[in-house]
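Chains as they are written, first to last, in the numbering used here: chain A, 1 to 347; chain B, 1001 to 1272. Beneath this line is the structure, given in C-alpha cells, with notes to follow.
Shown next as C-alpha cells:
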C-alpha cells in the first residue's frame, strides 16, 4: 500500500506555469480527487505522478521515497486516460493482459488473470471481442481492468466518467468505489465535476490556475470553504460583506451572529448555502432574522429556488420545497432565518 | 439479399475493368516473348519458340546476376529509406518545430527538381569518396528519388497518430523497445508496407541513376533491359520485360491490401 506525497510540485511549459508549488498527500488506500476547471493543471499533476512528465521543481514521494529517478514503466503507477485508449489492433483479452505480457508473464497465467479481471469489471467472457464491438461504458471498464491487472501501487484516473452518459456514470462510479474498497488501492482521480469528486473521493484537492486552493474531506468544501472562489465553485451564491468582531458580523442588512471560528476579526464576507436559508414566521425568537422581498421563484422539480432582495440591494438565494414556495408569491415580503452554524466567514 | 447484390454488382464490374486494364498490356509481351516470326498482317505469331526464354535464363545473358543486383539494391534502399523515413515522418507528422515547412519542402524537393541535375553534382562527390562503381553508391543515390515518398507516406500516418497510446503502454510497464514493438509498429504497419512498396518499386525502376553512379559495374535489370531494347531483338526484350515486371508485381500484390480498406494508409483511396 502506498502513500503518495507531492512536495512543492511545479511544472512549467516554456513560459507557461501549469502547476505551481502544489503540496498534497494522498493517503494510503483512499481516493483523492484533484478537482478544478479545465486547464488548472490537474492532469499535469497526474502525468507527473505517472512519470510521463518531469516536474520543473519539487518532489513526488511514494511511501516517503522520491520516485523521480524511476522511469514511468517501472513506477507501477498506472494511468487510465480519459478516452480509455484501448489498442484497436488487439482483442479485449489481449488489451487487458497487455501489462502482464510486458512483464513476461506466462500466456496461460495471463489468460486466467484476464478472465478474472474481466469478471471483476462485470464483463465476463468478452475476451475474444474487439474493442470497437463494445459500448463506450464497456470500453471504459476494459481500460479499468487493464490497469488493475498489474496490481498498480497507485491508480491514476483521468476524468473516468466524463465520456459516459448520465446513467452509465452512476454505474461506473459505484464500480470504481467498490473495486477501490475491495482492493484497498491508493487512487487519484482527476475531474472537473464537483459532484463527481464529492461522490467518489475521500479527500478533495481543489485547484485554480495551477495552485491548490483547498484540501480536505468533501464536506469541508460546503461547510468551511477557504475562499469565495472555492465557495462559488461548490455552488454557493450568497455573500454578505461585513466587519467581523468576535462572533458578531456587522453587515448592510444588520448585525448577524455566527458560530465561533478561527477567522481573524476585520472585514469578511459571510457565506451561507441556499439550502440553509430558512423561511420562518415573524416571531423574533430566533437569532439572525431578516425581512426580504421575493423577486423570483424558479421551480426545479425537487425544489424551488427563490431569489430575494434584502434592504436596498443585497441579494440572497434560498432553496425550499415546492409546496412551501407556493405560499410565497413574487413580490411578497418574507421572514428569513440565517442559522449561525451555517454562516461561514471568508477572509 | 437483393440490396447486397445491387451494391455488389457495380463493384465487381469496376474490379473486373481494373484487372483487365492492368493485365491486358501483358498479353502482347507474353506473345512476343515466345514468338519466332511475327510479321505485320498476322494477328498472332506465325511460329513459336522458347529461344528468348532459353537465352534469358542462360548464364551468358547475365539476367540472373542483374536480377540479383536489382533485388539487393531495392531491398537495401527499402530498408534504409524506412530507417531514415520513420523518425523523419514522426517528426514531421507529430511535432511542431521551427523551420518545419522548410524541412518539408527540402524533403519533397527531389520530386520537383530533375534528379539527373542533382546526380551530376553528386557524381563528382561520389567519385571523391569512392562511392562510384559499387552497390553502396547506387543504393545511396537511389535514396534521392525514394525518400520523399517514404517520408510523405509516414508523416501522413503520424499526423493521425495519438502518442497517448505509447504513454498508456508505458504506465502499464512497457519499455521503449516494447512500446515501439507493441504500439507504434502495429499502428503504422499498413503505412510501413505501402512506404516499403513505393521504395522498392521506385528503386527497382531506376535506370539513369544506376548507370551514372554504377558506371556499368552495377548492372541492374533496367540497365540490361535498355541495352536489349536498343539491340532491337523484340522477343528477348519482351521476355526480359516480363522478368523485370514480375517481382514488382508480386510485391504489389503482397502489399495491395494496405492500399485500401478501413486501415488504408493513404487517405482518399477508400475501400476497393
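Here a beta-carbon is modelled for each residue, glycine too, at the ideal position from N, C-alpha and C. What you are looking at is a predicted structure, and each value in this text was computed from that prediction instead of being measured.
| Query | Result |
| --- | --- |
| Tell me the residue span of the beta strand (DSSP E) that contains residue 335 of chain A. | 333-337 |
| Can you tell me the Cα-Cα spacing of residue 1253 of chain B and residue 75 of chain A, whole angstroms? | 45 Å |
| Does DSSP put residue 1215 of chain B in a helix, in a strand, or in coil? | coil |
| Could you tell me whether the region 248-268 of chain A touches the region 1020-1037 of chain B, using the rule of 3 or more Cβ pairs below 8 Å? | no |
| Looking at the C-beta of residue 77 of chain A, does it have a partner C-beta in chain B at a distance below 8 Å? | yes |
| Grab me the residues of residue 326 of chain A's own chain with a C-beta within less than 7 Å of its C-beta, minus the 5 sequence neighbours each way, in chain order. | none |
| For a test of your reading of the model: does the CB of residue 126 of chain A fall under 7 Å from any non-hydrogen atom of the ligand ZN? Yes or no. | Only the bare structure without any ligand can be found here, which leaves the ligand ZN out of the picture. |
| List the residues of chain B that residue 102 of chain A touches, going by C-beta distances under 7 Å, in chain order. | 1172, 1173, 1174, 1178 |
| Tell me the rounded alpha-carbon separation between residue 1202 of chain B and residue 88 of chain A. | 32 Å |
| DSSP state of residue 1206 of chain B, grouped into three classes? | coil |
| Using a 10 Å radius around the Cβ and a threshold of 16 neighbouring Cβ atoms, would you call residue 1177 of chain B buried or exposed? | exposed |
| What residues in the region 1146-1164 of chain B have a beta carbon less than 8 Å from any beta carbon of chain A? | 1162, 1164 |
| Taking a cut of 8 Å between CB atoms, which residues from the region 147-170 of chain A lie near chain B? | 147, 150, 156 |
| So residue 120 of chain A is in the alpha helix (DSSP H); what residue range does that whole segment cover? | 107-120 |
| Taking 8 Å as the cut-off, does the region 184-202 of chain A touch the region 21-37 of chain A (at least 3 CB pairs, one atom from each stretch)? | yes |
| Tell me whether the region 135-142 of chain A and the region 117-126 of chain A touch, counting them as touching only if at least three CB pairs, one residue from each stretch, are closer than 8 Å. | yes |
| Between residue 99 of chain A and chain B, is there a C-beta pair that is closer than 8 Å? | yes |
| In chain order, what residues of the same chain lie with their CB nearer than 7 Å to the CB of residue 1155 of chain B, ignoring the 5 residues before and after it? | 1089, 1092, 1093 |
| Given a cut-off of 8 Å on the beta-carbon distance, is the pair residue 1 of chain A and residue 1172 of chain B in contact? | no |
| Does the beta-carbon of residue 166 of chain A have 16 or more other beta-carbons within 10 angstroms, so that it is buried, or is it exposed? | exposed |
| Tell me the DSSP bridge mates of residue 238 of chain A? | A:272 |
| Among residues of its own chain, excluding the 5 on either side of residue 1133 of chain B, which ones have a beta-carbon nearer than 6 Å to its beta-carbon? | 1215, 1217 |
| If you follow the alpha helix (DSSP H) that residue 169 of chain A is part of, which residue opens it and which one closes it? | 166-183 |
| How about residue 249 of chain A and residue 345 of chain A: are their beta carbons less than 8 Å apart? | yes |
| So, for residue 202 of chain A: in the same chain, excluding its five sequence neighbours on each side, which residues have a beta-carbon less than 6 Å away from its beta-carbon? | 30, 31 |
| Is the beta carbon of residue 286 of chain A closer than 8 Å to that of residue 343 of chain A? | no |
| Would you call the region 78-98 of chain A and the region 1157-1176 of chain B in contact, with 3 or more CB pairs under 8 Å? | yes |
| In chain order, which alpha helix (DSSP H) runs of at least 4 residues are fully inside the region 1118-1166 of chain B? | 1135-1159 |
| Tell whether a beta-carbon distance below 8 Å holds between residue 1139 of chain B and residue 1076 of chain B. | yes |
| I want to see whether chain A comes within less than 8 Å of residue 1271 of chain B, judged by CB atoms only; does it? | For residue 1271 of chain B, the pLDDT reaches just 37, beneath the cut-off of 50, and the residue's location in the model is therefore unreliable, although a value from the coordinates is still provided. Residue 1271 of chain B does not count as touching chain A. |
| Closest to residue 1052 of chain B by CA distance: which of B:1068, B:1041, B:1030, B:1128 is it? | B:1030 |
| Put residue 158 of chain A into one of helix, strand or coil per three-state DSSP. | strand |
| At a Cβ threshold of 8 Å, is residue 1190 of chain B touching chain A? | no |
| Less than 8 Å separating the beta-carbons of residue 155 of chain A and residue 241 of chain A? | no |
| Taking C-beta pairs closer than 8 Å, name the residues in chain A that residue 1183 of chain B reaches, listed in chain order. | 87 |
| Just the chain B side, please: which residues come within less than 7 Å of residue 343 of chain A by C-beta, in chain order? | The premise fails here: residue 343 of chain A is roughly 46 Å from chain B at the closest Cβ pair, so nothing lies under 7 Å. |
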